[in-house]
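J.: Sharing a structure below in structure tokens format, with a few things to ask.
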Amino acid sequence: MGRLFGTDGARGVANTELTPELAMNIGRAAAMVLISDTVEHPTFLIGKDTRLSGDMLEGALIAGLCSVGANVVLLGVVPTPAVAYLIKKYKADAGIMISASHNPFEFNGIKIFNDEGYKLPDLLEEQIEAIVLDHEVDYKVCKDSDIGSVTRKEEAVDDYINHVISTVEYDLKGMRIALDCSNGSSSTTARKLFEALGAECFVLFDTPDGVNINANCGSTHIETLQRFVKDNNLDAGLAFDGDADRCLAVDDNGELVDGDYIIAIIAADFKSRGMLKKNTVVCTIMTNMGFNKFCDINGMNLVSTKVGDRYVLETMLREDYNIGGEQSGHVICLDYSTTGDGQLTGAQLLSLINRRQAKLSSIATLMERFPQVLVNVTINPELKTKFYTDKEIKEEINRVDAILEGRGRIIVRLSGTEPLVRVMLEGEDYAEITRLANETAAIIKDKLS
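Mapping to our numbering: the sequence shown position 131 is 123, numbers consecutive.
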């Protein structure tokens, strides 16, 4: 993990950790890394979610990019996958999304995509960090007609919606669904997209005010959507996060269908239609153990990566696989998108259900989930390196691992986006793994808080 960039871009509390000055310098450095003999004035797309700080950071990025000769095309409030898709459509050299994804409104972030719509590889992020943090080279200063220009693409939202629609083989006519927009980016797209596909839509949390993004709503707070779907006898519900690159679903009984289930359902459908490349699915080490059993039963190969959709994507690109993702709802369908796309994922899932004339609750039975407990421990950011060296933490993890040997597992890791240590346990006995998770979390809290 880099010094500026975590697993999903540069992120921090806006105006204190992620300041306008830092954003401006990231913009400068990003453009300088892309400037070459063949690209003298690179074009950057900029999109943002609905956070109050988005306009401030957008202005800072514009200043930084234009000052070194880059041109900027503003997309407005759009989902992260819209930026990734529109880079190629608009023939841009790069794209930037201003978002902190599922985090509270006071956080914000900067995600950078290359000219193919993929997140920047570690090497380029390290080059940007070397310019911003180590001052390895002076910032370029353009004058006169070499200063970059700024334009807007008012049609960006519609172009993205039309793209998602083009990937759906079977419409959603006859379906009654709920959409939780998390007061984020999908507030500008979800209703129009899913109504165009033929569904009757009930839209929740689509009135952003700058501070209510992800506030007790969206993919990290799915309880309201679960009640709404069940109380209104709907076919399904979809919940997105702040920048709409994640999707979790709710079935017709109001039960959660998480990313593992969604990937399993889509992968099984791909396999049945001869579309699953190399008969393989890519997930992370946090994927539920039940997914391994699902793959074994259905004759699929499972490849596991480090946590983070960027690592899933890197493996998919390197080995030419076409479906992968995370339990959190980042699902990558490489046949249709270069990054996780919550609304595209939701549209594919609902299309599959409608094509089969089946209920999501019945289709989701294809995988059996092992009991799983996740405890997040807030830590002092200055102590995070101690996580890797503390003797008592290591001993506790080894103790729990020995207890669960053959019956479950423990994974303890630093978050790539927040000052947290995540303690995840799986096993046959929910009460046991809950107790062990809390015991481990208590030791980590004592040592790192």
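Even for Gly, the Cβ is constructed at its ideal location relative to N, Cα and C.
So, are the CB atoms of T432 and E388 less than 7 Å apart?
T.: Yes, the pair counts as a contact, with Cβ atoms nearer than the cut-off.
J.: Enumerated in chain order, which unbroken segments of the beta strand (DSSP E) with a length of 3 residues or greater are wholly contained in the region 140 to 178?
T.: You should have 142 to 144 and 168 to 172.
J.: Among the residues of its own chain, which have a CB less than 8 Å from the CB of G166, if the five just before and after it don't count?
T.: Same-chain partners within the cutoff: G190 and N346.
J.: At the level of alpha carbons, what is the spacing between I18 and F283?
T.: Taking the straight line joining both Cα atoms gives about 39 Å.
J.: Mapping the DSSP letters down to three states, classify F194 as helix, strand or coil.
T.: Three-state result, F194: strand.
J.: Suppose you measure from the CA of I90 to the CA of E9; what does that come to, to the nearest Å?
T.: For I90 and E9, the distance between alpha carbons rounds to 15 Å.
J.: So, is M(-7) buried or exposed, given that buried needs 16 or more other C-beta atoms within 10 angstroms?
T.: Any reading at M(-7) needs caution, since the residue's pLDDT is 48, under 50, leaving its predicted position unreliable; the model's value is listed next. With fewer than 16 Cβ atoms within 10 Å of its Cβ, M(-7) is classed as exposed.
J.: What is the DSSP secondary structure of C209, reduced to helix, strand or coil?
T.: C209: coil per DSSP, three-state reduction.
J.: So who's on the other strand from S296, going by DSSP bridges?
T.: C275, per the DSSP bridge assignment.
J.: So, helix, strand or coil for M(-7), using DSSP?
T.: Its pLDDT being 48, under 50, M(-7) is placed unreliably by the model, and the measurement read from it follows with that caveat. DSSP places M(-7) in coil when its eight states are reduced to three.
J.: Per DSSP, what are the beta-bridge partners of C287 in this structure?
T.: Note: C287 sits in no beta bridge, so no partner.
J.: Just the C-alpha distance for A170 and I258, rounded to the nearest angstrom, thanks.
T.: Those two C-alpha atoms are separated by around 20 Å.
J.: Compute the Euclidean distance between the alpha carbons of N368 and D382, then round it to the nearest angstrom.
T.: So the two alpha carbons sit approximately 18 Å from each other.
J.: Roughly how far, in whole angstroms, is the beta-carbon of D150 from the beta-carbon of G229, given that I think they are within contact range, below 8 Å?
T.: That pair is no contact at about 25 Å.
J.: Comparing C-alpha positions only, which one of L417, A356 and K439 sits nearest to A260?
T.: Measuring from the Cα of A260, the nearest candidate turns out to be A356.
J.: Does the distance from the C-beta atom of S93 to that of D233 stay below 7 Å?
T.: In contact: S93 and D233 (Cβ atoms closer than 7 Å).
J.: Considering only the beta carbon of each residue, do V25 and I120 sit closer than 7 Å?
T.: Yes; because the gap between Cβ atoms is below 7 Å, this pair is in contact.
J.: With a 10 Å radius around its C-beta and 16 neighbouring C-beta atoms as the bar for buried, classify Q349 as buried or exposed.
T.: The residue is exposed, with fewer than 16 neighbouring Cβ atoms inside 10 Å.
J.: The beta strand (DSSP E) spanning A52 covers which residue range?
T.: Not the beta strand (DSSP E): A52 falls in the alpha helix (DSSP H), residues G46 to S59.
J.: Determine the direct distance from the alpha carbon of A23 to that of E128, and round the result to whole angstroms.
T.: In a straight line, the C-alpha of E128 is about 15 Å away from that of A23.
J.: Taking only the alpha-carbon atoms, compute the straight-line gap between V221 and S354 and give it to the nearest angstrom.
T.: Roughly 16 Å between the two C-alpha positions.
J.: Could you give the DSSP three-state label for A21: helix, strand or coil?
T.: It is helical.
J.: With DSSP as the reference, label E424 as helix, strand or coil.
T.: Helix.
J.: May I have the straight-line CA-CA distance separating A15 from H322, to the nearest angstrom?
T.: Taking the straight line joining both Cα atoms gives about 26 Å.
J.: What is the DSSP secondary structure of T(-1), reduced to helix, strand or coil?
T.: Reduced to three states, the DSSP call for T(-1) is strand.
J.: Reducing DSSP to helix, strand and coil, say where R265 ends up.
T.: In this structure, R265 counts as coil in the three-state DSSP scheme.
J.: Quick one: give me the first and last residue of the alpha helix (DSSP H) that R347 is part of.
T.: Element bounds for R347: G334 to R348.
J.: Based on the DSSP secondary-structure assignment, which residues constitute the bridge partners of C325?
T.: I315, per the DSSP bridge assignment.
J.: Could you pull out every residue in the same chain whose Cβ sits closer than 7 Å to the Cβ of L217, ignoring the five residues on either side in sequence?
T.: Taken in chain order, the residues that qualify are A170, D172, L196, G229, A231 and V242.
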